[in-house]
Amino acid sequence: MFDVSTHSAIKESQSGADLPHFKAVPLAFAADIFSSGLNGALRRWPSVEIQTLPLFDKRAGLIPSWRPHWAKVPTFAVVFPAGLELLPKSEDAVEAEQLEKIEPPKRVVSEADSAENGDQPQRKKATRLKPPSDAISLEDRLFYLLQPPLQTMLAGQELVMPFEPFPYQYEGIAWLFSQKCALLADEMGLGKTMQTITAIRLLLRAGHIRRVLMVCPKPLIPNWQREFKAWAEELPVTTLEGDGARRRMLWQMPQPILLANYELLVRDWAEMTDDEKPKFDLVVLDEAQRIKNRDSCTSEAARSIPRKRSWALTGTPIENRPEELHTLFEYMTVIPKGGTPDLRQMQRLSRDYVLRRTKDLVMKDLPPRINRDEILELTSAQRTAYSAAEDDGIVHLNELGDQISVQHVFELVLRLKQITNFDPLTGESAKYERLAADMEEISASGGKAILFSQWTKTIDWIKARLPAECGSLVYHGGVPHKQREPILKQFKEDPKAHILLMSYGTGAVGLNLQFAGYVFLYDRWWNPAIEDQAINRAHRIGVKSAVIVTKFICKDTIEERIDKVLNEKRELFRAVLGDGSDTNASLSMNASEIFGLFDLKARHGKGTKKIAPKATPEAA
Amino acid sequence: MSTSPASNESLRLGFLTAIYLDNRGHVAGLLVTNKYGRPLEFQCTAPVRPNRAQELLYGPTLVPFLLGELLSKTLVERITVKPHVLLTDMPEILDSRPHVSLPVACVAGKEGRTGEGETVRIGKLSFGLHVEFGEDLKAFEKIAKELANDADLLEPLERVREALQETMKAAA
Chain A
76 MFDVSTHSAI KESQSGADLP HFKAVPLAFA ADIFSSGLNG ALRRWPSVEI QTLPLFDKRA
136 GLIPSWRPHW AKVPTFAVVF PAGLELLPKS EDAVEAEQLE KIEPPKRVVS EADSAENGDQ
196 PQRKKATRLK PPSDAISLED RLFYLLQPPL QTMLAGQELV MPFEPFPYQY EGIAWLFSQK
256 CALLADEMGL GKTMQTITAI RLLLRAGHIR RVLMVCPKPL IPNWQREFKA WAEELPVTTL
316 EGDGARRRML WQMPQPILLA NYELLVRDWA EMTDDEKPKF DLVVLDEAQR IKNRDSCTSE
376 AARSIPRKRS WALTGTPIEN RPEELHTLFE YMTVIPKGGT PDLRQMQRLS RDYVLRRTKD
436 LVMKDLPPRI NRDEILELTS AQRTAYSAAE DDGIVHLNEL GDQISVQHVF ELVLRLKQIT
496 NFDPLTGESA KYERLAADME EISASGGKAI LFSQWTKTID WIKARLPAEC GSLVYHGGVP
556 HKQREPILKQ FKEDPKAHIL LMSYGTGAVG LNLQFAGYVF LYDRWWNPAI EDQAINRAHR
616 IGVKSAVIVT KFICKDTIEE RIDKVLNEKR ELFRAVLGDG SDTNASLSMN ASEIFGLFDL
676 KARHGKGTKK IAPKATPEAA
Chain B
553 MSTSPASNES LRLGFLTAIY LDNRGHVAGL LVTNKYGRPL EFQCTAPVRP NRAQELLYGP
613 TLVPFLLGEL LSKTLVERIT VKPHVLLTDM PEILDSRPHV SLPVACVAGK EGRTGEGETV
673 RIGKLSFGLH VEFGEDLKAF EKIAKELAND ADLLEPLERV REALQETMKA AA
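So the sequence lines, in the order shown, correspond to chains A and B. Each number in our numbering comes from the position in the first sequence (counting from 1) with 75 added on. Each number in our numbering comes from the position in the second sequence (counting from 1) with 552 added on.
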C-alpha cells in the first residue's frame with residue numbers, strides 16, 4: 076500500500092525542473108473493496124488462543140535438564156615414616172669440643188658470569204635426591220623425589236654441620252642416601268667419612284633406617300667416634316667393646332649406631348647362632364678392601380650379617396686385580412654368591428653401584444701436592460754393606476737352583492732395603508742426613524711433618540737420633556691403643572712437636588693430619604696405593620697450603636728398581652673404574668717382577684703370585 | 553576452626569598445586585611437610601578430565617571449579633596429616649578458600665582476580681590471601697615468624713609437580 080506521506084514527498088520533489096512529468100494518483104481512496112479485489116473485512120485480527128503443548132512425548136525418555144554431577148575423585152597417598160627421635164642437643168656440648176671451622180669452597184665468578192647475571196645474587200645450587208635405579212615401586216620413588224634438597228636440610232636448619240660440604244660431597248651424600256647397595260670409592264682425603272655419616276644421619280632422620288652397624292679396622296674406631304661427634308653429635312654411637320658378655324649385650328641392644336671392629340665382628344659372629352645374630356637396616360664396611368679375599372673369615376662374616384642396605388667404603392677398591400671387586404659386589408648383593416662377572420659386567424656394575432671421585436676431578440682448588448723424589452747416594456759404609464749383601468744374596472739365590480722361591484728373593488729385598496735405611500754396623504744413613512737437615516729447617520719455621528717407614532725398628536732408630544728440637548713423636552703398631560689418641564692430640568696441639576714418625580700399617584689409613592705440611596716416605600711400600608693413603612693423611616680437605624711429599628730413593632739400589640716397576644703400573648686400572656682412577660690404582664709386585672729385580676726368572680707358575688706383605692694396620 | 557599450631561605442636565605446611573596433562577586432564581597434589589620441608593604425607597588425585605557438556609556448561613569457570621573446588625577440597629578432606637595452612641602458586645587454588653577450612657595463600661603476583669586481599673611475607677617470598685578471608689593473615693604471620701627468613705617456599709611446590717609427573721608416568 077502506498078501511504079499518504081509517501082505521496083506528499085513525491086509531490087514535493089516535483090519542484091525539481093528536470094524531473095519527468097507524471098500525474099499523481101491518490102491511492103487512499105475510500106472503497107469497500109480494494110483494487111486488488113480483497114474484501115476489507117479480512118483486515119480484522121484473527122482470534123488467537125495460547126496454550127502450552129508438550130514438545131516431546133513422554134515415551135521419548137529424554138529430559139532436557141542438567142545438574143552438575145562429578146564422580147568422587149580417587150586419590151593416591153604416600154605417608155612418610157616418622158623419623159628417629161634424637162637426643163636433644165645439650166647446651167654445654169658445644170664448648171666441650173671446639174670444632175675446627177673449615178672454610179667452604181669459595182665460588183670463583185668469572186667476568187662473563189657477572190655480566191650475565193647482573194647484580195642478582197646467585198641462587199644456591201640444589202642437590203636433589205634421585206630415586207635409585209633399582210627403586211621400582213612408586214612409593215619408593217616418591218620417597219626420594221619428595222625429599223627436600225640436601226642444602227635445605229643441612230644449611231643451618233634441621234641438621235647443624237660444622238662447615239658446609241663441597242658440591243661433590245652433596246652429590247655423594249645424595250647418592251648414598253638413595254642407594255641400597257653402594258661402594259663409595261672416593262680417593263683418600265675427599266671426605267668419605269663425612270659423606271657416610273651425613274647420609275646415615277639423613278636416613279635416620281627420614282625414618283628409613285633405624286639400626287646401623289659400622290665396621291672398621293680397630294685403630295680407626297677413635298677416628299669414627301670423633302667424626303660422628305663432629306658431624307652428627309646428636310646421634311648416639313655405641314662402640315662394641317668389653318668382655319664377651321658385655322659384647323653380647325651390645326649386639327642385642329637396638330641402638331641406632333653400633334661401631335665395631337673387624338676382629339670383634341669375626342670373633343663374636345663365630346660364637347653366635349643364626350637366631351642370635353642381630354639384624355641391621357644398614358651395614359657399612361670401612362676400609363672394605365679388608366674383605367677382598369672371598370674365603371677369609373672376615374669376608375664371610377661380613378657377608379653373612381642380616382641387613383637391608385650394604386655400603387662399602389674404600390679409597391683403593393682395587394689393590395691388585397680387578398677381581399678383588401667381586402667380593403665387594405657379592406657383599407653388596409649385586410651379584411650372586413660366588414659370582415665372577417666379566418669385565419663388561421663389572422663396568423656396568425661399577426656404573427650403577429660404585430661412586431669414585433679423585434682429587435684431580437673434584438678438588439681443583441685444593442692446594443697442590445708437591446712430589447719430590449730425593450735420589451740419594453749411599454754413604455760409603457752403606458755402599459760397602461749393600462754391595463756385600465747383594466752379592467752374597469745373589470750367589471745364595473743362584474745356589475738354590477730350582478729350590479728358589481719368591482720368599483727367598485723377598486728376604487733379600489728386605490735386607491737390602493734395610494741397609495738403604497741405615498747401615499746396621501756403623502749407623503751411617505744418607506736418608507737420615509737429609510732428613511735431619513730438612514727437619515732443622517721445618518722445626519725452625521714451626522712446621523709439622525709426618526714420616527712413614529715400613530719398619531718400627533727404623534722408626535725407633537730415627538726417634539733416638541733426631542735432636543730434641545724436632546719434638547719427635549712415635550705412632551706405630553708397638554704403641555698401645557690407649558696411648559695413640561693422646562699422641563695424635565699432642566702432635567696437633569703442641570707447637571714443639573714437629574714430626575710424627577709412623578708405620579705404614581698403623582698410620583696410613585683413616586687419620587686426619589691435614590695440618591702437617593710435609594710428608595717423608597723414608598722407605599717405599601710395595602704398593603703405591605698404600606703410599607698414597609699415607610700421603611693423604613696430610614693432603615686432604617682442610618689443608619691450607621701445599622703439601623711437600625719427599626720420597627727417599629737410594630741411587631743404584633733395589634729401591635730405584637722397585638720405584639721404576641711400581642710407577643709403570645699406575646696406568647693399568649682405568650678400564651674398570653674409569654677416568655681419574657689411575658691415581659690410586661696399583662699393583663703389588665708379583666713374583667715375576669720380584670725375580671726380575673735381580674735378573675732372575677720366576678721358576679714356578681706364570682709369575683702372578685703376589686708376594687708383598689699385607690698392609691694391615693697391625694702389620695708394623 | 554582454629555588453624556594455627558598450638559604452641560607445643562610442630563608446624564605443618566601444606567603445599568598444593570596441580571598440573572594439566574594432554575589427553576588426561578587435571579591432576580592435583582598436596583604435600584604436607586614439617587617446617588624444615590621434610591615430607592610427612594603426600595596425596596594426589598587421579599586425573600580429572602571434563603566431558604564436552606561440562607566444558608560447554610561451565611565455560612570459563614571450569615578450571616577454577618575443578619582446581620579450586622573439586623580437587624583441592626578432595627585432597628584437603630582426604631589427607632590424614634592435616635596441615636595448618638595451604639600454600640600454592642596457582643590463583644585457581646587460592647579460590648578454594650571458601651570450600652576448605654584452612655587458610656590459603658598464593659605466591660604474590662599470581663593471585664589473579666583475588667589479588668586484592670592481604671599480603672604477607674613468608675621466608676623470602678610474599679604471599680597474597682583470598683580477598684574475602686583477611687582474617688587468615690594472623691595465621692600466616694605466626695607461621696612466618698617460625699620459618700627462616702631465607703626459606704624458599706616455592707621449592708616444595710616444584711617437588712609436588714615432579715611427584716605428580718612421576719605418578720602419572722607410573723599410572724600410564
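Yeah, the Cβ is synthetic: ideal placement off N, Cα and C, and Gly gets one too.
| Query | Result |
| --- | --- |
| For Leu573 of chain B, decide whether its Cβ has a neighbour in chain A, counting only Cβ atoms nearer than 9 Å. | no |
| Is it a yes or a no for the region 601-621 of chain A touching the region 545-561 of chain A, going by three-plus beta-carbon pairs under 8 Å? | no |
| What residues in the region 408-420 of chain A bring their beta carbon closer than 8 Å to a beta carbon of chain B? | none |
| Could you spell out where the beta strand (DSSP E) holding Gly566 of chain B opens and where it closes? | Arg564 to Leu573 |
| Pairs of beta-carbons, one from the region 420-437 of chain A and one from the region 283-294 of chain A, closer than 8 Å: are there three or more? | no |
| So Ala307 of chain A and Ile272 of chain A are supposed to be a Cβ contact under 8 Å. How far apart are they, rounded? | 5 Å |
| Would you mind stating whether Asp513 of chain A and Ala505 of chain A have Cβ atoms separated by less than 9 Å? | no |
| Within 9 Å of any Cβ in chain B, is that where the Cβ of Met236 of chain A sits? | no |
| Give me the Cα-Cα distance between Glu516 of chain A and Leu500 of chain A, rounded to the nearest whole angstrom. | 29 Å |
| Would you say Ile695 of chain B reaches chain A, if we count a Cβ-Cβ gap shorter than 9 Å as a contact? | no |
| In the DSSP assignment, the alpha helix (DSSP H) including His636 of chain B goes from what residue to what residue? | Premise fails: His636 of chain B is in no alpha helix (DSSP H) and is neither H nor E. |
| DSSP state of Glu544 of chain A, grouped into three classes? | helix |
| Using only the alpha-carbon positions, how far apart do Leu716 of chain B and His578 of chain B sit? | 10 Å |
| Rounded to whole angstroms, what is the Cα-Cα separation between Ala723 of chain B and Gly620 of chain B? | 24 Å |
| In its own chain, which residues sit with a C-beta less than 6 Å from the C-beta of Lys367 of chain A, not counting the 5 before and 5 after it? | Glu399 and Thr402 |
| So if I threshold CB-CB distances at 7 Å, which residues from the region 519-549 of chain A count as touching chain B? | none |
| Does the structure place the region 568-588 of chain B close enough to the region 617-633 of chain B that three or more beta carbon pairs sit under 8 Å? | yes |
| How many Å lie between Gln244 of chain A and Val481 of chain A at the Cα? | 43 Å |
| With respect to the alpha helix (DSSP H) encompassing Phe151 of chain A, which residues constitute its N-terminal and C-terminal limits? | No alpha helix (DSSP H) holds Phe151 of chain A; the beta strand (DSSP E) holding it covers Thr150 to Val154. |
| I want to verify the contact list: residues of chain B whose CB lies under 7 Å from the CB of Leu213 of chain A, in sequence order. | Thr719 and Ala722 |
| Spatial neighbours of Glu560 of chain A within its chain, please: CB distance less than 6 Å, with the 5 preceding and 5 following residues excluded, ordered by chain position. | Pro297 |
| Going along chain A in order, which residues have a C-beta closer than 8 Å to the C-beta of Ala715 of chain B? | Leu217, Leu220 and Leu221 |
| Please go through the same chain and pick out, in chain order, the residues whose beta-carbon is closer than 7 Å to the beta-carbon of Lys538 of chain A, but skip the five residues on each side of it. | Ser547, Val549 and Leu576 |
| Where does Asn446 of chain A fall in DSSP's three states? | strand |
| If distances are taken between C-alpha atoms only, which option among A:Pro353, A:Val312, A:Arg301 and A:Arg426 comes closest to Met324 of chain A? | A:Pro353 |
| Residues of chain A with a CB under 9 Å from the CB of Leu522 of chain B: which are they? | Because chain B spans 553 through 724 in this model, residue 522 of chain B falls outside it and cannot be assessed. |
| Using a Cβ-Cβ distance under 9 Å, would Glu607 of chain B count as near chain A? | no |
| State yes or no: is the C-beta of Asp356 of chain A within less than 9 Å of the C-beta of Arg286 of chain A? | yes |
| Going by C-alpha to C-alpha distance, which of A:Trp386, A:Lys383, A:Ser385 and A:Phe404 sits closest to Ile393 of chain A? | A:Phe404 |
| Any beta carbon of chain B sitting closer than 9 Å to that of Thr389 of chain A? | no |
| For the pair the region 369-387 of chain A and the region 334-350 of chain A, tell me if three or more CB-CB distances fall below 8 Å. | yes |
| Under the three-state reduction of DSSP, which class applies to Ala519 of chain A: helix, strand or coil? | helix |
| Counting Cβ pairs, one atom from each stretch, are 3 or more of them under 8 Å apart for the region 630-642 of chain A and the region 444-458 of chain A? | yes |
| Take Val183 of chain A and list the residues in its own chain whose beta-carbon comes closer than 6 Å to its own, dropping the five residues that flank it on each side. | The predicted model places Val183 of chain A with a pLDDT of 37, which falls under 50 and marks its position as unreliable; any figure quoted below should be read in that light. Once the five neighbours on either side are set aside, Val183 of chain A has no close Cβ partner at all. |
| Whole angstroms are fine: how far does the CA of Pro242 of chain A sit from the CA of Glu362 of chain A? | 24 Å |
| Which residue marks the beginning of the alpha helix (DSSP H) containing Lys458 of chain A, and which one marks its end? | Here residue 458 of chain A is Arg; the residue named in the question, Lys, does not match the sequence. Ser455 to Leu475 is the span of the alpha helix (DSSP H), which, as asked, contains Arg458 of chain A. |
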